[in-house]
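Plus 9 on top of the position in the sequence shown (first one is 1) and you've got our numbering.
Every residue, glycine too, gets a C-beta built ideally from N, C-alpha and C.
These numbers were taken from a predicted model, which means no experiment stands behind them.
Everything on this sheet refers to the single structure shown next.
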Amino acid sequence: MTTMTDPDYMRLALAQAEDAYARGDWPVGAVIVKDGVVLATGQNRQLTERNLLVHAETDAIRNAEAGHGLEMLAGATLYATMEPCPMCAWAIRAARLRRLVLGLRHATLRRTDMGRYAVEPFYEMVGFGELTLSTGVLEAECLALRRRWGKDQVARD
Numbered sequence: 010m011t012t013m014t015d016p017d018y019m020r021l022a023l024a025q026a027e028d029a030y031a032r033g034d035w036p037v038g039a040v041i042v043k044d045g046v047v048l049a050t051g052q053n054r055q056l057t058e059r060n061l062l063v064h065a066e067t068d069a070i071r072n073a074e075a076g077h078g079l080e081m082l083a084g085a086t087l088y089a090t091m092e093p094c095p096m097c098a099w100a101i102r103a104a105r106l107r108r109l110v111l112g113l114r115h116a117t118l119r120r121t122d123m124g125r126y127a128v129e130p131f132y133e134m135v136g137f138g139e140l141t142l143s144t145g146v147l148e149a150e151c152l153a154l155r156r157r158w159g160k161d162q163v164a165r166d
């Protein structure tokens, strides 16, 4: 049996983001993994479900909780194609996930609608010191999808 790597799991998250894109939603995907087992996947569905709270991360957390129970989320890893917004960052903290693997950062995309937001200062502000963060996993692929989507508010040169 082959052990999956961070890029392998990020490819699963990218497939979720591609599905969201094809459906007309923001192209963001997420995967939750614990001990090498995929607990759940999630996609941004806020446009098609007409619910601003259904982001890829919250969708994955909800799916993992429904399938495995909230206690199983403690210590798990979340792979996300885009840096989580503050709402999703709080949901990650509340679910007691311990590792966050990101494809793309807001700053790298040059989003202007997020201000100076980054997940690290947010977690520092709320006292979430038990999270391990890895960034830039399949960044070029995540960036290419967001640029293909083309609806982000980004700085133009």
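Residue L113 holds the alpha-carbon nearest to the alpha-carbon of P16 among E74, L113 and R105. Of the residues assessed, L23 falls on the buried side of the cut-off, its CB having 16 or more other CB atoms within 10 angstroms. Three or more Cβ pairs closer than 8 Å define a contact, and the region 81-94 meets that threshold against the region 102-118. For A103, the enclosing alpha helix (DSSP H) covers residues P95 to A103. Ranked by Cα distance from T67, the first of S143, G145, A39 and D122 is A39.
In the three-state reduction of the DSSP assignment, Y88 falls in the strand class.
Within the DSSP secondary-structure output, R120 pairs in a beta bridge with V163. I70 has its alpha-carbon roughly 7 Å from the corresponding atom of A104.
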